[in-house]
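Asker:
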Amino acid sequence: MKPLRIIYMGTPSFAISPLQKILDSKHKVVAVVTAPDRKSGRGKKLTPSPIKVFSQEHGLQVLQPANLKDPALISQLRALAPDVIVVVAFRMLPKEVWSLPTKGTFNIHASLLPKYRGAAPIHWAIINGENETGVTTFFINEQIDTGEIIAQKSLAIHLEENTGQLSNRLEKLGAELAIETLNLIASNQVKSIPQPENEPESLAPKLTRENTQLEWNQRGQGIERKVRGLQPFPCAWTILSNNGQLLYCKIHEVDFIERKQPLEDGQIFIENQQIMVAVPNGIVHVKRLQLPNKKPMSDKELLNGYSIDTQAFFENP
254 MKPLRIIYMG TPSFAISPLQ KILDSKHKVV AVVTAPDRKS GRGKKLTPSP IKVFSQEHGL
314 QVLQPANLKD PALISQLRAL APDVIVVVAF RMLPKEVWSL PTKGTFNIHA SLLPKYRGAA
374 PIHWAIINGE NETGVTTFFI NEQIDTGEII AQKSLAIHLE ENTGQLSNRL EKLGAELAIE
434 TLNLIASNQV KSIPQPENEP ESLAPKLTRE NTQLEWNQRG QGIERKVRGL QPFPCAWTIL
494 SNNGQLLYCK IHEVDFIERK QPLEDGQIFI ENQQIMVAVP NGIVHVKRLQ LPNKKPMSDK
554 ELLNGYSIDT QAFFENP
């Protein structure tokens, strides 16, 4: 099996484990392509992506194009003579890029395609109450996450797992699958299969302000899953109406209690120094939350210095 020349494309920390696994293999990474440095933090300092930091620490050539269709970039990539491009959590590639390698371009996607095509597959798998998810390698084509499947690995979603925890496990699984896929390609043993058509319900759209807001007229189990599915980022949020004020409030952790109560959906009440919220089929205990310009804190910590009146409630969208 002849080692492959690889261009690796990725940006977030999720892409680090597969890159490390490839570096530990016989294959050769000839360059890494990642997003340009971005301003972040209060000082708005230019911050490199996790993949750039990792790549520079390992002496890899790093490219940070603003425009993936730039003819100069295409020429530079072509000159590297890649056998394969490996893509993990990167932006959509133009055909001029993904058609360059002699043996194709494949993506490592954090779902069992065709389920959860889109930008946020891990979040939506938890939000929708899936028992199982996994990773898929597939050849990139003109559309998003629709190319022929090369290989898949699955794992069970733990009952109280949040997106950050599941992402860590899927990152390691993706690293294993990356090597298996590269070895299949190198030995000419790939037998890719077309994806079956998926239903709209199994898409994983980009997370927005609108679809991360909590709806207190939903069943409590769904609210609990949504909070877990949006942890640690971007975080579920709601509007707190209290003492004549409306406050943007992030919700970090909740429990659902199946218990009858006579209150309207979203109504807040305090019980044993705990913040309780009425929902159609019971009560949601808000265990950890965050008010504007404050750090996340437990409900008990909040109640030590903040008064919630008897008419307080969380607004429905």
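Per this note's numbering, the very first residue in the sequence shown carries number 254; after that it's consecutive. Beta carbons are placed, not taken as given, at the ideal position from N, Cα and C, and that holds for glycine.
1) When the distance is taken between beta carbons, is E383 closer than 7 Å to I410?
2) Does DSSP classify F244 as helix, strand or coil?
3) Across which residues does DSSP place R291 in a beta bridge pair?
4) Which residue comes first and which comes last in the beta strand (DSSP E) that contains I338?
5) In the DSSP assignment, what are the bridge partners of D508?
6) In the DSSP assignment, what residue or residues form a beta bridge with S494?
7) In the DSSP assignment, the beta strand (DSSP E) including A284 goes from what residue to what residue?
8) Between the C-alpha atoms of L555 and I528, what's the straight-line distance to the nearest angstrom?
9) Using beta-carbon positions only, say whether G357 and F392 come within less than 7 Å of one another.
10) Within the continuous alpha helix (DSSP H) that includes T461, where are the two ends?
11) Just to confirm the assignment, what range does the beta strand (DSSP E) spanning V388 have?
12) DSSP three-state call for S308: helix, strand or coil?
13) Taking 6 Å as the limit between beta carbons, can you name the residues of its chain near K553, skipping five residues before and five after?
14) Measure the Cβ-Cβ separation of S308 and V285 and say whether it is below 7 Å.
15) Using the DSSP secondary-structure output, state which residues sit across from T358 in a beta bridge.
16) Between P347 and K322, is the Cβ-Cβ spacing less than 7 Å?
17) Put R422 into one of helix, strand or coil per three-state DSSP.
18) Does DSSP put E395 in a helix, a strand or coil?
19) Would you call I446 buried or exposed, if buried means 16 or more other Cβ atoms sit within 10 Å of its Cβ?
20) Out of R422, I397, T491, G294, which has the shortest C-alpha to C-alpha gap to K459?
21) Give a yes or no on contact between the region 416-424 and the region 372-379, applying the rule of three or more CB pairs nearer than 8 Å.
22) Secondary structure at G400, three-state DSSP: helix, strand or coil?
23) Using only CA atoms, which one of L353, V507, A531, I510 lies nearest to A332?
24) Please go through the same chain and pick out, in chain order, the residues whose beta-carbon is closer than 8 Å to the beta-carbon of I379, but skip the five residues on each side of it.
25) Using a threshold of 7 Å, state whether the C-beta atoms of I304 and V282 are closer than that.
26) Let's see if you can read the secondary structure: which residues bound the beta strand (DSSP E) around Q527?
27) In angstroms, rounded to a whole number, what distance separates the CA positions of L467 and S278?
Answerer: In brief:
1) yes
2) The chain is shown from 254 up to 570; residue 244 falls before or after that span and cannot be answered.
3) T300
4) 337-341
5) H538
6) L499, F566
7) 281-286
8) 9 Å
9) yes
10) From DSSP, T461 is part of no alpha helix (DSSP H); its letter is neither H nor E.
11) 385-392
12) helix
13) Q526
14) yes
15) I338
16) yes
17) helix
18) coil
19) exposed
20) I397
21) yes
22) coil
23) L353
24) I410, E414, N415, T416, L419, R478, R481, G482
25) no
26) 527-532
27) 45 Å
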